[in-house]
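*Asks:*
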Amino acid sequence: MIEQGQALPSATLSELTTDGMVNHDIQELFANKKVVLFAVPGAFTPTCSASHLPGFVALADKIKAKGVDMIACVSVNDAFVMKAWGEAQNAEEIRMLADGDASFTKSLGLDMDTQNFGGVRSTRYAMIIDNGVVTQLNVEAPKQFEVSKAEAILESL
Numbered sequence: 001m002i003e004q005g006q007a008l009p010s011a012t013l014s015e016l017t018t019d020g021m022v023n024h025d026i027q028e029l030f031a032n033k034k035v036v037l038f039a040v041p042g043a044f045t046p047t048c049s050a051s052h053l054p055g056f057v058a059l060a061d062k063i064k065a066k067g068v069d070m071i072a073c074v075s076v077n078d079a080f081v082m083k084a085w086g087e088a089q090n091a092e093e094i095r096m097l098a099d100g101d102a103s104f105t106k107s108l109g110l111d112m113d114t115q116n117f118g119g120v121r122s123t124r125y126a127m128i129i130d131n132g133v134v135t136q137l138n139v140e141a142p143k144q145f146e147v148s149k150a151e152a153i154l155e156s157l
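Under full-length UniProt numbering, the residues of the sequence shown are numbered 1 to 157, in order.
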């Protein structure tokens, strides 16, 4: 599993924008930026939709006021689902990034096999990234939602 102090591995994440599908090299996307990246097991799922994403939507201004250039949500879903979920959650301040084949999630060592729930998914986590290097990593224990919530990240900034 990736650790604090390590650089993010090379990976591509997709985003559906008003200009169409964009495939981002994360090293370029996060270069020279302070980023809060949080991951959820699935878009439109209960905890993710009721608490995780809404917390970051509600606290986006306070998080950015702490010097954060970008807040991004990643999930092992396709970019169409991530865009629809972001729109449904009024997440205009959050970049909704898709890891459709779970390659980014696997490269971090933060994948889990949910079997019939949806196959390979991401563990729930949040990290602070400074110029591509993980400076804070909060990984949730199974079936927990404490250390990756927006309030916990805001306190860490």
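Note that beta-carbon positions come from the ideal geometry of N, C-alpha and C, so glycine has one too.
These numbers were taken from a predicted model, which means no experiment stands behind them.
(1) Alpha carbon to alpha carbon, how far is residue 5 from residue 81? Give it in angstroms, no decimals.
(2) Tell me where the alpha helix (DSSP H) around residue 70 begins and ends.
(3) Taking the alpha-carbon positions, what's the residue 49 to residue 32 distance?
(4) Span of the alpha helix (DSSP H) holding residue 29?
(5) Where does residue 4 sit, in a helix, a strand or coil, going by DSSP?
(6) Following the continuous alpha helix (DSSP H) through residue 59, name the residue where it begins and the one where it ends.
(7) Can you check DSSP and say which residues form a bridge with residue 20?
(8) On the three-state DSSP scale, how would you describe residue 84?
(9) Between the stretch 74-93 and the stretch 15-34, are three or more C-beta pairs nearer than 8 Å?
*Replies:* If we stick to the structure as given:
(1) Stepping through the sequence shown from its first residue, residue 81 is reached at position 81. Stepping through the sequence shown from its first residue, residue 5 is reached at position 5. Near 32 Å, if we compare the C-alpha coordinates of residue 5 and residue 81.
(2) Numbered from its first residue, the sequence shown carries residue 70 at position 70. Unbroken run through residue 70 is the beta strand (DSSP E), 70-75; no alpha helix (DSSP H).
(3) Within the sequence shown, numbered from 1, the residue matching residue 49 stands at position 49. Within the sequence shown, numbered from 1, the residue matching residue 32 stands at position 32. Taking the straight line from one Cα to the other gives about 30 Å.
(4) As a working mapping, residue 29 is identified with position 29 in the sequence shown. Counting along the chain, the alpha helix (DSSP H) containing residue 29 begins and ends at 26-29.
(5) For the purposes of this step, residue 4 is taken as the residue at position 4 of the sequence shown. In this structure, residue 4 counts as coil in the three-state DSSP scheme.
(6) The sequence position of residue 59 within the sequence shown is 59, counting from 1. Residue 59 -> alpha helix (DSSP H) spans 53-64.
(7) Within the sequence shown, numbered from 1, the residue matching residue 20 stands at position 20. DSSP lists 17 as partners of residue 20.
(8) Taking the first residue of the sequence shown as 1, we reach residue 84 at position 84. Correct three-state label for residue 84: helix.
(9) yes
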